[in-house]
Structure formats: C-alpha cells, structure tokens
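In this note's numbering, the protein residues as written are 901 to 1121.
This is the structure we're talking about:
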C-alpha cells in the first residue's frame, strides 16, 4: 500500500454473532493492510479486571476513573482472560453507564487513526456509523460449535458438541434480545457468512471487500 493511501482516512466496523470468525478476520485485515486494530471486548475486560483488582463496585464514578486510564498497552495480557474477568465483563457490558464511558475511548481511537478497524457491538451503528466499510459476520450453529469445541477441549476434555452449541445459541439469544446495545446488523453492512469458508477463503474474501471499497473511495491503492 502506498504512503499516499496510508495518509488517507479509512475505517472498518466489524460486528456479528459469537464464534463466527470476526476477531480472526479483523486481526487478519489489520495485519494485511496495516490498519490499527481495536476489539471493544477488551475494553470491557479491562474494566472488569480493574474492578476486581481494586475491589470496586461498578458505578459511574469508578468506571469513569478506570476508562480514563485505558491504553492499548494495558489491553494486552492473559490477566484479562481469567474466568472471573470473563464473567464480570459480560455482566457490565450490558450496563449503559459502562458503554457510555467506553464509547469516548473508541470514538477518539477511530478519530486519531488513519487506517483503523474496530470490532465489537455498536461499532457500525453508534461508535462509527459513517465507517467506510461495515462487516457483519454470521455462521451456522453446527459449524461454529465444532470450531469452538476445539478451543474448549483444551480446558475441559469432557465438554460435548451439544453443550457448546446450546451455549452459543443462548449467547446469541441474549445478545439479540438484551435491552442495552442488542446485536443488530447495520443496514449497510456487508454480510460475511463463514459457514462454508476455510480461513484462507475467508481471508481472500476480506481482502477483496477491503480493496474494492478503498478503490471506490480513492481510485487506486
């Protein structure tokens, strides 16, 4: 990619169902095209981690204080993926006061970046509604359950495919029906169905989508 294009502005918003490949796809685009990458899920994990570590209650004052200390460096590390952090982050992500506090960081991150891809809820509808390209990932439950089973087996070799599929269905149902920031496909988002795609096929599809949009905006890349 030329330096001329790097100096231009181009943003990608990614959302979708759980276990559909949206994180893998987002990271690939980031690495392939040199985009700055942000997963909003890490923001909620960081808040949950700080609440647990400092033994704080989840209120407006504490969340505001925590959100002001967020940096990309602090969003890295295994500490954000402990069981307690995972459980709490899922709960606080449904709270309006938390989402409002973290929205500012996301909006500023996008504003300050030339080439940027953000993945997570509300990105294409509220955080970056004018994104140059919006992607919405989906996948059949059978396929994503098999993919996720391989990950879970390293933690629990007794877990079954039926249990994983049920958990994924419950997760998507909760995401779609929750009052605060439900899972919604932006009207102008491109649907990326990964049900029958290998990783390589998905990568080729994403490269084409990004290139086509960038060419449409700038003429060439």
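The beta carbon of each residue, even a glycine, is placed where N, CA and C say it ideally should be.
Separation of residue j from residue i, as counted between CA atoms
{"i": "residue 1005", "j": "residue 939", "result": "12 Å"}
{"i": "residue 1065", "j": "residue 1059", "result": "11 Å"}
{"i": "residue 922", "j": "residue 914", "result": "7 Å"}
{"i": "residue 1088", "j": "residue 1034", "result": "7 Å"}
{"i": "residue 966", "j": "residue 1119", "result": "42 Å"}
{"i": "residue 1107", "j": "residue 929", "result": "7 Å"}
{"i": "residue 955", "j": "residue 988", "result": "12 Å"}
{"i": "residue 926", "j": "residue 1061", "result": "26 Å"}
{"i": "residue 1104", "j": "residue 1091", "result": "15 Å"}
Which of helix, strand or coil DSSP assigns to residue i
{"i": "residue 918", "result": "coil"}
{"i": "residue 903", "result": "Because residue 903 sits at a pLDDT of 46, beneath the cut-off of 50, its placement in the model cannot be relied upon, and the following sentence gives the value as read from the coordinates. Residue 903 falls in the helix class under three-state DSSP."}
{"i": "residue 911", "result": "strand"}
{"i": "residue 1091", "result": "strand"}
{"i": "residue 1085", "result": "coil"}
{"i": "residue 982", "result": "coil"}
{"i": "residue 1109", "result": "helix"}
{"i": "residue 1098", "result": "coil"}
{"i": "residue 1104", "result": "helix"}
{"i": "residue 1116", "result": "helix"}
Answer yes if the region 946–959 comes into contact with the region 1022–1039, meaning at least three C-beta pairs across the two stretches below 8 Å, and no otherwise.
no
At which residue ranges does the region 916–977 contain complete beta strand (DSSP E) runs of 3 or more residues, listed in the order of the chain?
936–939
Suppose only complete runs of 4+ residues qualify. What are the alpha helix (DSSP H) ranges in the region 991–1075, listed by chain order?
996–1012 and 1041–1053
Check whether the region 1009–1025 touches the region 920–940, taking contact to mean three or more Cβ pairs, one atom from each stretch, closer than 8 Å.
yes
So, do the region 1035–1046 and the region 1064–1078 have three or more beta carbon pairs nearer to each other than 8 Å?
yes
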